[in-house]
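Below: one structure, written as structure tokens.
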Amino acid sequence: MSFDIASILVAMTLTMVTMALALFAVMDGADRAARFAQVSAGSQACGWSLLLASGSATPYSIPDVLLSTLSMACISGSFACSAAAFELWAGRKAIDKTPAVLAIFLTVGYAVGFADYAFRVGWANGLLALQMGFIVVTLLKKPHGTSARWRWLPIVGLTVQGLVTACRAVLGAFYPADFPAFLTPHPINVAFAFAGNCTVVLLMIGMLLAYREQAAQALERLATTDGLTGVLNRRAWLALANAKLASTDVDNRPLSVLIMDIDHFKQINDTRGHDAGDRALQLFAKLMQEVSLSGDLVCRYGGEEFCVLMAGEHNAVPNFDQRLRARLADTVFEALGHPMTYSAGMVTRISADKQISELLLRADQALYHAKTTGRNRTIDAVDLRCLGDVAA
1 MSFDIASILV AMTLTMVTMA LALFAVMDGA DRAARFAQVS AGSQACGWSL LLASGSATPY
61 SIPDVLLSTL SMACISGSFA CSAAAFELWA GRKAIDKTPA VLAIFLTVGY AVGFADYAFR
121 VGWANGLLAL QMGFIVVTLL KKPHGTSARW RWLPIVGLTV QGLVTACRAV LGAFYPADFP
181 AFLTPHPINV AFAFAGNCTV VLLMIGMLLA YREQAAQALE RLATTDGLTG VLNRRAWLAL
241 ANAKLASTDV DNRPLSVLIM DIDHFKQIND TRGHDAGDRA LQLFAKLMQE VSLSGDLVCR
301 YGGEEFCVLM AGEHNAVPNF DQRLRARLAD TVFEALGHPM TYSAGMVTRI SADKQISELL
361 LRADQALYHA KTTGRNRTID AVDLRCLGDV AA
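End of the sequence shown = 392 in the working numbering, gap-free, step of one.
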């Protein structure tokens with residue numbers, strides 16, 4: 001049974017064009033990974049369109065050289081963009097530039113050695129196979145902060161196509177007399193055409209699944225974190241705090257709550273503007289996270305109020321409070337250009353406490369006492385004694 005390679009490749013190109021249009025339609029281009037995916041799909045479609053167009057040009061003519069070289073640039077550039085998108089979707093912040101460097105070498109070498117058929121076939125297919133292999137190795141690495149189950153689709157597709165492409169490189173470079181033209185129904189060409197069709201579908205489905213997973217994670221973050229400061233919001237913190245309280249109920253382990261209120265925050269907004277107020281809230285949340293220990297739950301409780309739940313002995317709270325006040329004093333003028341202090345109330349769990357609301361009520365009473373007795377201090381709810389009076 002013979003196959004029309006040109007028809008298979010035309011069908012693959014049409015599939016790529018359709019997939020590229022779909023990615024541009026459904027993905028938010030403001031997202032960095034999505035932009036790489038969109039450029040990848042568009043470049044792949046352009047690359048194969050140019051390669052098919054080069055078949056109608058006179059061999060080794062200027063149009064043939066330009067169309068073929070541009071097609072290689074687009075196809076190899078597409079793999080570089082795919083690699084970048086997959087790395088970002090896998091939770092990696094830094095993008096490895098190796099695929100992009102390979103794309104540049106491939107394009108330049110292909111143009112320079114175009115007159116040598118064996119060289120350009122071996123060079124182009126060899127570096128494309130190397131690009132695919134690099135993406136596969138990258139995808140096999142453990143992702144950060146995500147399950148990334150979608151990655152097995154591109155892994156399978158790129159592994160198969162990479163092996164077929166590597167075979168084309170070997171045949172073209174070392175056995176050029178036995179390796180026919182690209183559109184000849186040679187077994188390796190047929191395998192390449194079918195593998196290409198399968199791979200493009202797996203790549204695009206993988207990209208769509210990765211984008212959907214990222215969108216789901218973003219929605220989860222929006223539901224659990226404060227949009228301005230990046231710490232937990234009140235609802236998420238209450239749920240986690242109650243769960244932590246229940247988990248320590250059996251052995252009655254120490255658990256404490258510190259509730260903090262930025263002093264005279266309204267004056268910051270009124271005199272310096274709401275942008276200055278936002279920067280103050282962001283700095284305060286950032287410093288809280290910096291001085292927190294593993295297991296501490298930090299949240300923006302509402303407005304200029306923040307909470308932290310911490311396990312450990314009773315002195316864990318005053319130690320946290322001292323670290324926070326020291327960091328605030330060291331950084332506030334440089335970061336904001338004006339002073340900022342806070343008042344706080346703390347409470348340590350007693351055996352009768354079954355809900356976090358019970359601790360919050362006593363901590364809030366201590367906070368109120370701290371504000372009415374001069375501010376810029378931390379009050380212990382047990383006996384309303386001042387732990388950190390720095391108001392003088």
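Virtual Cβ for every residue (Gly too), placed ideally from N, Cα, C.
In terms of residues, what are the limits of the beta strand (DSSP E) holding residue i?
| i | result |
| --- | --- |
| Ile62 | From DSSP, Ile62 is part of no beta strand (DSSP E) but of the alpha helix (DSSP H) over Ile62 to Trp89. |
| Val298 | Leu297 to Gly302 |
| Val347 | Tyr342 to Thr348 |
| Phe114 | Element bounds for Phe114: n/a, residue is neither H nor E. |
| Leu309 | Glu305 to Ala311 |
Of the residues the options, which one's Cα is nearest the Cα of residue i?
| i | options | result |
| --- | --- | --- |
| Phe192 | Gly157, Arg221 and Leu209 | Gly157 |
| Ala73 | Lys142, Ile135, Leu163 and Cys46 | Cys46 |
| Leu153 | Leu140, Arg168 and Phe174 | Leu140 |
| Met79 | Trp48, Gly109 and Pro63 | Inspection of the sequence shows that residue 79 is occupied by Phe rather than by Met. Taking only the C-alpha atoms, the option nearest Phe79 is Trp48. |
| Ser351 | Gln214, Ala246, His274 and Leu21 | Ala246 |
| Met340 | Asp275, Lys286, Ile268 and Ala366 | Ile268 |
| Leu293 | Val170, Phe320, Gly277 and His274 | Phe320 |
| Trp123 | Ala111, Asp178 and Thr18 | Ala111 |
| Glu313 | Gln322, Arg253, Thr372 and Gly273 | Arg253 |
| Pro187 | Ala173, Asn197 and Arg168 | Arg168 |
| Leu208 | Ala11, Met19, Leu367 and Met288 | Met19 |
| Asp4 | Val190, Asp178, Lys286 and Thr13 | Val190 |
| Gly109 | Val136, Met132 and Ser76 | Ser76 |
| Gly230 | Lys286, Trp150, Ala6 and Asp263 | Lys286 |
| Ile155 | Asp178, Cys198, Lys266 and Glu304 | Cys198 |
| Val382 | Trp237, Gly374 and Arg362 | Arg362 |
| Glu415 | Thr372, Gly277, Ala326 and Thr138 | Residue 415 lies beyond the residue range present for the chain, which begins at 1 and ends at 392; the question has no answer from this structure. |
| Phe333 | Leu367, Thr373 and Ala276 | Ala276 |
Less than 8 Å between C-beta atoms, sequence neighbours within five positions excluded: which residues of the same chain meet that for residue i?
| i | result |
| --- | --- |
| Pro394 | Look at the range of the chain in this structure, 1 to 392, and you will see that residue 394 is not part of it. |
| Leu67 | Leu50, Leu51, Ala53, Ser54 and Ala57 |
| Leu232 | Thr224, Thr225, Asp226, Leu240, Leu297, Val298, Cys299 and Arg300 |
| His144 | Ala90, Gly91 and Arg92 |
| Cys397 | Residue coverage of the chain in this structure runs from 1 to 392, which leaves residue 397 outside it and unanswerable. |
| Asp364 | Ile259 and Gly345 |
| Met16 | Ala41, Gln44, Ala45, Trp48 and Val200 |
| Arg32 | Leu88 |
| Thr184 | Ile5 |
| Asp28 | Ala34 |
Short of 6 Å in beta carbon distance, which residues of its chain neighbour residue i, apart from the five on each side in sequence? Order them along the chain.
| i | result |
| --- | --- |
| Met310 | Ser256, Asp296 and Ala316 |
| Val390 | Residue confidence for Val390 is low, a pLDDT of 49 falling below 50, so the modelled location carries little weight; the figure read from the coordinates is stated next. Contacts found: Asn376. |
| Ala392 | In this prediction, Ala392 scores a pLDDT of 37, lower than 50, which makes its location untrustworthy; the coordinate-derived value is nonetheless stated afterwards. Cβ within range, chain order: n/a, list empty. |
| Met260 | Phe306, Tyr342 and Ala344 |
| Ala216 | none |
| Val308 | Leu258, Asp296 and Val298 |
| Ala148 | Ala90 |
| Phe24 | Gln38 |
| Leu283 | Ala335 |
| Ser71 | Gly47, Leu50 and Leu51 |
| Ile135 | Ala83 and Leu158 |
| Phe265 | Glu304 |
| Ala236 | Thr224 |
Would you kindly report the start and end of the unbroken alpha helix (DSSP H) that includes residue i?
| i | result |
| --- | --- |
| Ser54 | Arg32 to Ser54 |
| Asp330 | Ala316 to Leu336 |
| Met16 | Ile5 to Val26 |
| Leu127 | Tyr117 to Leu140 |
| Phe174 | Trp152 to Phe174 |
Under 7 Å Cβ to Cβ from residue i, same chain only, skipping five residues before and after it: list those, please.
| i | result |
| --- | --- |
| Ala115 | Tyr60 |
| Tyr195 | Before going on, a small fix: residue 195 reads as Ala here, not Tyr. Closer than 7 Å at the Cβ level, and outside the excluded window around Ala195, lie Val160, Gln161 and Val164. |
| Arg279 | Leu336 |
| Ala100 | Ala80 |
| Asp64 | Ser54, Ala57 and Thr58 |
| Gly113 | Phe119, Arg120 and Trp123 |
| Ile262 | Ala280, Phe284, Glu304, Met340 and Tyr342 |
| Gly172 | Ala118, Val121, Gly122, Asn125 and Phe179 |
| Leu14 | none |
I'd like to know whether the C-beta of residue i is nearer than 8 Å to at least one C-beta of chain D.
| i | result |
| --- | --- |
| Gly227 | No chain D appears in this structure, which consists of one protein chain only. |
Validate contact between the segment 200-216 and the segment 21-39 using beta carbons, cut 8 Å, 3 pairs: yes
3 or more residues per run - each beta strand (DSSP E) lying fully within the segment 216-283: 255-262
Inter-stretch contact at 8 Å, needing at least 3 Cβ pairs: the segment 240-248 / the segment 347-359: yes
At least three beta-carbon pairs within less than 8 Å, the segment 364-383 to the segment 342-350: yes
Sufficient close CB pairs (3 or more, under 8 Å) joining the segment 98-109 to the segment 124-131: Taking 8 Å as the limit for Cβ pairs, the verdict is that the segment 124-131 does touch the segment 98-109.
Every unbroken alpha helix (DSSP H) inside the segment 353-388 [4 residues or more]: 356-372
Every unbroken alpha helix (DSSP H) inside the segment 187-221 [4 residues or more]: none
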